[in-house]
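Enquirer: This is the structure I have questions about; it appears just below.
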Amino acid sequence: MHAPVDSPTPRTSVGMRLRIWLVRLAVLGLAIAGLVLLLPRLAGHWPYLGLAALIHVPAMWLGLASTLGLLARRVRRAQLSPSRFGLTGVGLVGIALMLIVALQPATRVPALCPPNAPRLTLAWLNALHVRRPDLIRRWLQRARPDVIGLAEMRSGAAGLDAYLARNYPFVQNCQRKGECSTRLYTHIPPTGKLGLARGDAEQRRTLSGAGLVFPASPGTRAWSIAAVHLSRPTSPEAQARELREFDARMGADADTLILGDFNLSPRLPVLRDFVARNGLAITRADQPTWPLELGERRLEGLWQIDHLLTGRHWQVESFKTSPWLGSDHRGFIARVCRVN
């Protein structure tokens, strides 16, 4: 007699193994999207969790693609047996809708101003120690802004200093007395000047920011503008402290404009909290503003970290980022109007 032989186990087809792995990858993509949504909400417990928002948009697209893949698989099964769609299918539809909502922009698109509204042209640039003053000067000459904000601005830049002194006689840097690399320039006479630093701003011991206050004009209220340069995004606690210092030393209201290198993308919790508590809006840039350089290599940028924030009595009509100006940041020229 022969020993009993087990019947052969059918081998899993290549197509079946591929489908199993695709389902696993889709579940992983959905899990990544969920983490990126969740972690910034826990930043109050540990601020570094907020950095997950740097990959918010690609993570949400990954999650949406994964959800739609799983949903398509569920629909195919339901065609054979409608009861198979079930609560899982309904849940996937809900997740897809949630991810679509999460993909909505965190910034405001420029829009046309009323024809007779008073207008201003603003310029901002982190000049990175002014390696190419000739490019910066020509960029400003073409735009002819009313107010200019500059960060990492050094004196002694041939041609640029003379141009600014000739055309923008009113200047304020971040120090009440002394010099600082974050500055505001304007040809409009201000009624008040504010140095927002209290200590060594160059070593990030305090907020690097400057403010100007302007009088009311017929039909409009007094208004203010600030330029700020925050610590790097690897220091969210320092950034939050600097923005609290701004609240205490100047503050923002419906008539405030803020230019700056915030070192924060629009979805990072530190910036979102500041915008929410002051009733401000973040203007959407037409291109990422940083980084434009990686060593010797030129880049197109990954994130918008240079911002124009506006109170509700301002409307941004246009926002145009600069070409490379010798810095690893793009600058921008913005046209704004009063909408009382």
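So the sequence shown is numbered by the numbering used here: it starts at 15 and just counts up by one.
Think of the CB as a built atom: it goes at the ideal place given N, C-alpha and C, for glycine as much as any other residue.
Can you find the residues in the same chain that come closer than 6 Å, C-beta to C-beta, to residue 66, ignoring five residues on each side of it along the sequence?
Expert: Taking the first residue of the sequence shown as 1, we reach residue 66 at position 52. Here the set comprises 50, 53, 54.
Enquirer: Would you report the Cα separation of residue 276 and residue 321, rounded to the nearest angstrom?
Expert: Residue 276 sits at position 262 when you count from the first residue of the sequence shown. Residue 321 sits at position 307 when you count from the first residue of the sequence shown. Near 7 Å, if we compare the C-alpha coordinates of residue 321 and residue 276.
Enquirer: Whose CA, out of 295, 341, 109, lies closest to the CA of residue 311?
Expert: Here residue 311 refers to the residue found at position 297 of the sequence shown. It is 341.
Enquirer: Taking the CB atoms as reference points, tell me whether residue 221 and residue 136 lie closer together than 8 Å.
Expert: Here residue 221 refers to the residue found at position 207 of the sequence shown. Here residue 136 refers to the residue found at position 122 of the sequence shown. Contact: no.
Enquirer: Nearest to residue 9 by CA position, among 345, 336, 323, 229, is which residue?
Expert: Because the chain here runs from 15 to 354, residue 9 falls outside it and cannot be looked at.
Enquirer: What would DSSP say about residue 323, mapped onto helix, strand or coil?
Expert: In the sequence shown, counting from the first residue as 1, residue 323 sits at position 309. In the structure shown, residue 323 sits in a strand (DSSP, three-state: E or B).
Enquirer: What do you reckon, are the CB atoms on residue 329 and residue 127 nearer than 8 Å?
Expert: The residue given as residue 329 occupies position 315 in the sequence shown. The residue given as residue 127 occupies position 113 in the sequence shown. Yes. Within cutoff.
Enquirer: Which two residues bound the contiguous beta strand (DSSP E) that contains residue 256?
Expert: Walking along the sequence shown from the start, residue 256 turns up at place 242. No beta strand (DSSP E) contains residue 256, which is instead part of the alpha helix (DSSP H) from 250-263.
Enquirer: In this structure, does DSSP put residue 219 in helix, strand or coil?
Expert: The residue labelled residue 219 in the question sits at position 205 within the sequence shown. Residue state, collapsed to three classes: coil.
Enquirer: Tell me where the beta strand (DSSP E) around residue 329 begins and ends.
Expert: Counting from one through the sequence shown, the residue named residue 329 turns up at place 315. 328-335 is the span of the beta strand (DSSP E), which, as asked, contains residue 329.
Enquirer: Report the start-end ranges of each alpha helix (DSSP H) in the region 55-115 that is 4 residues or longer and not cut off at the edges.
Expert: Whole alpha helix (DSSP H) segments, 4+ residues: 70-94.
Enquirer: Nearest CA to the CA of residue 69: which residue from 46, 215, 173, 287?
Expert: Locating residue 69 in the sequence shown gives position 55, counting from the first residue. With distances taken between Cα atoms, residue 69 lies closest to 46.
Enquirer: Measuring only the C-alpha atoms, how far is residue 217 from residue 29?
Expert: Residue numbering aside, residue 217 sits at position 203 when the sequence shown is read from its first letter. Residue numbering aside, residue 29 sits at position 15 when the sequence shown is read from its first letter. Approximately 59 Å, taken between the alpha carbons.
Enquirer: Return the chain-ordered list of same chain residues with a C-beta closer than 8 Å to the C-beta of residue 282, the five sequence neighbours on each side being excluded.
Expert: Stepping through the sequence shown from its first residue, residue 282 is reached at position 268. 54, 64, 65, 67, 68, 247, 250.
Enquirer: Based on DSSP bridge pairs, tell me the residues matched to residue 273.
Expert: As a working mapping, residue 273 is identified with position 259 in the sequence shown. In DSSP, residue 273 forms a bridge with 241, 322.
Enquirer: Touching or not, the region 252-271 and the region 295-305, by the rule of three or more beta carbon pairs under 8 Å?
Expert: The region 252-271 vs the region 295-305: no contact.
Enquirer: How about residue 226 and residue 189: do their beta carbons lie closer than 8 Å?
Expert: Your numbering for residue 226 matches position 212 in the sequence shown. Your numbering for residue 189 matches position 175 in the sequence shown. It is not a contact, given that the beta carbons lie outside the stated cut-off.
Enquirer: Just grab the DSSP bridge partners of residue 142 for me.
Expert: Along the sequence shown, read from residue 1 onward, the residue named residue 142 stands at position 128. Looking at the DSSP assignment, residue 142 forms no beta bridge with any residue, so it has no partner.
Enquirer: Please report the distance separating the alpha-carbon of residue 163 from that of residue 33.
Expert: In the sequence shown, residue 163 corresponds to position 149, counting from 1. In the sequence shown, residue 33 corresponds to position 19, counting from 1. Straight-line Cα distance between these residues: approximately 55 Å.
Enquirer: I need the DSSP call for residue 177, collapsed to helix, strand or coil.
Expert: Working through the sequence shown from its first residue, we reach residue 177 at position 163. Of the three classes helix, strand and coil, the one that applies to residue 177 here is helix, per DSSP.
Enquirer: Would you check if there are 3 or more beta carbon pairs closer than 8 Å linking the region 166-185 to the region 148-157?
Expert: Yes: the two stretches touch, three or more of their Cβ pairs being nearer than 8 Å.
Enquirer: Mapping the DSSP letters down to three states, classify residue 292 as helix, strand or coil.
Expert: Indexing the sequence shown from 1 puts residue 292 at position 278. In the structure shown, residue 292 sits in a helix (DSSP, three-state: H, G or I).
Enquirer: Straight-line CA distance for residue 133 to residue 204?
Expert: For this step, residue 133 is matched to residue 119 along the sequence shown. For this step, residue 204 is matched to residue 190 along the sequence shown. Taking the straight line from one Cα to the other gives about 16 Å.
Enquirer: Take residue 352 and list the residues in its own chain whose beta-carbon comes closer than 7 Å to its own, dropping the five residues that flank it on each side.
Expert: Working through the sequence shown from its first residue, we reach residue 352 at position 338. For residue 352, where only same-chain residues beyond five positions count, the Cβ hits under 7 Å are 131, 132, 234, 327, 328.
Enquirer: Would you kindly report the start and end of the unbroken beta strand (DSSP E) that includes residue 209?
Expert: For the purposes of this step, residue 209 is taken as residue 195 along the sequence shown, with counting starting at 1. Start and end: 206-209.
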